[in-house]
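Working notes, beginning with the structure itself.
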Amino acid sequence: MSLPIYQQLMNTIKKKIIDGELNVGEKLESERSMSVRYGINRMTVRNAIKKLEEEGIVKSIRGSGTYVQLVPQIESQIELGNQDRNFSLSMQIRDKGMKSSRRVLSLKKRIVEGEFKEYFTNDTLMYELIRIAFINDHPYALQKTYIPCSYFENAERFDFENFSLYEYMTDHGHCPSYSSSYLRIEKLPEEYATIMNVKKDKKFFLYDYQVYDTNQNFIEYTISYHHPQYTKCMYERSIV
Amino acid sequence: MEKTCIVRELIDLSISKVVGDKNINGTTKTIEQGIKEANYHLSRQLNVPLGTKLFYIKKVRIIDGETRSIETAHMVYNKVKGIEDVDFNGKSFYAILKEKTGIQPRKCKEEIMIVEPTKEEAEMLCIPLEEEVMLIKGTTSIDEIEPFEYFEIVAESSFYRYKGGISAV
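Just so you know, the sequences run in chain order A and B.
All letters in the first sequence, in the order written, are residues 1 to 240 by the numbering used here.
All letters in the second sequence, in the order written, are residues 241 to 409 by the numbering used here.
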């Protein structure tokens, strides 16, 4: 069911503020102008502005106009579960109309040992890439990705902040084709609490998955912690 | 020792069946069951008028002697008449439902959330009030049109894991 028109307008204005098209202190166009631009009743525009004012996002000054007062919180959520068909988290974020960015915390070669031997059965070395995914500059997911050195080389030279891991993999002849995942809830490791801007022991959705290429080669193991505020976990099952 | 967890796959509906199939030491205990009228929230979830008579059951799942989840289900009473007198303790609800009424939900849609427990939930799960829990809520359906059941499961956060997979299209 579609949202009432005033709510749609509220969301449009909020999105413009989040995207930086409208900055704090900047004046909104007039009610009349918005009414004409969107082809909606002026009272509907007034209602949307009133609600935004109640949320503290804008402030109307009599005789002057309406001004942006603060940047709204993110309201969309990224869906995890079995309904999404998209491997790339960045793409899921952008599909929701939000800004996606990443920061690489570390990238290094590691010896395959311990629990990793279960996944990297034919490898002695793997790359460990630790990144944070941001939604509209808010930390959203912490991702620890492991890829086998036997398939991938010179990862140190690749720009994982501005280009996608899956582009890198495809460039190396291993296009992701199938992923098998587990979802559970766990505390975010303490060392990442500050950088993810959450209190110690905050619980996150932990989504760990193995990715295979078109030839069924194992090419990635990722442990991904997703902030619950920005995550919607949906599962659908059919009983046969 | 690591606590037992239940892995939910996308073809399972009955948790009791998974517990049985995996030889997990578990059972269920009914806390209450009966008939009540649909409030606004339940009428929306089940797509029925306010005040519709519903059968409800609230039970706990006990694994290795510990209460790990609290499960509540609501469904339209007219569809399951007579079930209110059945003793569900230690048994699969869906197995009995099929046996008594012939009803077998085929689809399930659920959302998983991280929430703070209520005082009652914290006490039942023997966890501190500030310890966040997993809330699973959703509906099952028989014909994909009308929801048959609305359920909520509050579980210790490590209790359930979800297994899934995606293929590139």
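A virtual CB, placed ideally from N, CA and C, is assigned to each residue, including glycine.
Just so we're clear, the structure is a prediction, and the values are computed from it rather than from any experiment.
{"query": "Simplified DSSP state of Tyr230 of chain A, which is helix, strand or coil", "result": "helix"}
{"query": "is_contact[Arg110 of chain A, chain B] using C-beta, thresh 8 Å", "result": "no"}
{"query": "Residue-chain proximity (Cys366 of chain B, chain A), Cβ-Cβ < 8 Å", "result": "no"}
{"query": "Any C-beta of chain A under 8 Å from that of Val284 of chain B", "result": "For clarity, residue 284 of chain B is Arg in the given sequence; the question names Val instead. False, the Cβ-Cβ gap to chain A never drops below 8 Å."}
{"query": "Touching by the beta-carbon criterion (3+ pairs, under 8 Å), the stretch 372 to 385 of chain B and the stretch 342 to 357 of chain B", "result": "yes"}
{"query": "As assigned by DSSP and simplified to three states, the class of Ser177 of chain A", "result": "strand"}
{"query": "Contact between the stretch 1 to 21 of chain A and the stretch 41 to 58 of chain A (3+ Cβ pairs under 8 Å)", "result": "yes"}
{"query": "Cα-Cα separation between Thr170 of chain A and Leu105 of chain A, rounded to whole angstroms", "result": "23 Å"}
{"query": "Cutoff 8 Å: Met234 of chain A Cβ touching any chain B Cβ", "result": "yes"}
{"query": "Residues bridged to His314 of chain B (per DSSP)", "result": "B:Tyr296 and B:Tyr390"}
{"query": "Gln92 of chain A Cβ short of 7 Å to the ligand MN heavy atom set", "result": "This structure simply doesn't include the ligand MN, nor any ligand for that matter."}
{"query": "Secondary structure of Ile223 of chain A, DSSP reduced to three states", "result": "strand"}
{"query": "Cβ neighbours of Lys307 of chain A in the same chain (closer than 8 Å, five flanking residues each side left out)", "result": "The first residue shown for chain A is 1 and the last is 240, placing residue 307 of chain A beyond what the model contains."}
{"query": "Range of the contiguous alpha helix (DSSP H) that encloses Gly222 of chain B", "result": "This structure gives no information on residue 222 of chain B, because the portion of chain B shown stretches from 241 to 409."}
{"query": "Members of the stretch 175 to 186 of chain A that neighbour chain B once the beta carbon cut-off is set at 9 Å", "result": "Cys175, Pro176, Ser177, Tyr178, Ser179, Ser180, Ser181, Tyr182, Leu183, Arg184, Ile185 and Glu186"}
{"query": "Supposed close pair Lys203 of chain A, Ala193 of chain A - CB separation, criterion 8 Å", "result": "The Cβ separation is near 12 Å, so there is no contact."}
{"query": "C-alpha distance - Tyr207 of chain A paired with Cys233 of chain A, whole-angstrom precision", "result": "10 Å"}
{"query": "Cross-chain neighbours of Lys203 of chain A in chain B, by beta carbon under 7 Å", "result": "Ile354, Glu372 and Ser397"}
{"query": "Thr170 of chain A (DSSP reduced to helix, strand or coil)", "result": "helix"}
{"query": "Touching by the beta-carbon criterion (3+ pairs, under 8 Å), the stretch 397 to 404 of chain B and the stretch 256 to 272 of chain B", "result": "no"}
{"query": "Backbone secondary structure at Gly39 of chain A - three-state DSSP", "result": "coil"}
{"query": "Glu167 of chain A versus Tyr182 of chain A - alpha carbon distance", "result": "24 Å"}
{"query": "Host beta strand (DSSP E) of Lys96 of chain A (start-end)", "result": "Unbroken run through Lys96 of chain A: none, as it is neither H nor E."}
{"query": "Segments assigned alpha helix (DSSP H), at least 4 residues, entirely inside the stretch 347 to 405 of chain B", "result": "359 to 365"}
{"query": "Chain B contact for Pro276 of chain A (CB, 8 Å cutoff)", "result": "With chain A represented from 1 up to 240, any question about residue 276 of chain A goes unanswered, as that position is not in the structure."}
{"query": "Contact check, Leu107 of chain A vs Glu53 of chain A, beta carbons under 8 Å", "result": "no"}
{"query": "Alpha-carbon to alpha-carbon, Leu165 of chain A and Gly291 of chain B", "result": "53 Å"}
{"query": "Whole-angstrom C-beta distance between Ile310 of chain B and Phe295 of chain B, which should lie under 8 Å", "result": "That pair is no contact at about 18 Å."}
{"query": "Residue-level contact to chain A via CB, Arg308 of chain B, 8 Å cutoff", "result": "no"}
{"query": "Interfacial residues, the stretch 280 to 304 of chain B to chain A, with Cβ spacing under 9 Å", "result": "none"}
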